[in-house]
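Residues in the sequence shown are numbered consecutively from 1, following this note's numbering.
Here the structure is laid out as structure tokens; the discussion comes afterwards.
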Amino acid sequence: MAVSTIDALYHSGSEKLTTTSDGVNIQGAITSQSPNSGVLLEEYAADAFGANFTMRKSRNATIGGQTAVASGDTLGNITFQGSDGDEFVSGASIQSFVDGTPGNNDMPGNLVFKTTPDGSSTLTERLRITSAGNVGVGTSSPSSSYKVTIDNDES
């Protein structure tokens, strides 16, 4: 059986998929109508390592180019959405931001967990882990290893 090679796929004149020596680049969304759709990463190797999912951010506009990110830049975002019958609305997200000034082999980052309260369509921060290892529940700027802020206002 002959194997064909695809270097690029286009739709309406726009490049949507390219293959390079580094892998595959996709422009746009991956959509499926399968009842069990999703992204599956598998690794079959006789070693101790598992599959990886990596998100990368560079301020360089050229694919593969390296320009340092800045404090406050988003490194990645996983958003969970459901249809309300009219459109997709976010129910929760996990985000990572640069949390300080990056340097050579130094990338301070944090993780932010958000959920959407009932009756709303706005994601609200619920938990944050800073680059210093501080954990905050109910606060976006925890100043110690674990801080919980409770709103006792029941009015």
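All residues carry an ideal CB built from backbone N, CA and C; glycine is no exception.
Computed from a predicted model, the values in this text were never measured in an experiment.
- Across the set Tyr146, Val69 and Asn52, the C-alpha of Val69 shows the shortest separation from the C-alpha of Asn60.
- Beta-bridge analysis with DSSP links Glu15 to Tyr10.
- By the neighbour-count criterion, in which a residue is buried when 16 or more other Cβ atoms sit within 10 angstroms of its Cβ, Phe97 is buried.
- In summary, Pro142 is buried, with 16 or more beta-carbon neighbours lying within 10 Å of its beta-carbon over all protein chains present.
- In the displayed model, Arg59 falls within coil according to three-state DSSP, outside both helix and strand.
- Note on geometry: alpha-carbon atoms of Asp47 and Asn105 lie some 27 Å from one another.
- Note on Val39: under 16 other CB atoms within 10 angstroms of its CB, so exposed under the neighbour-count rule.
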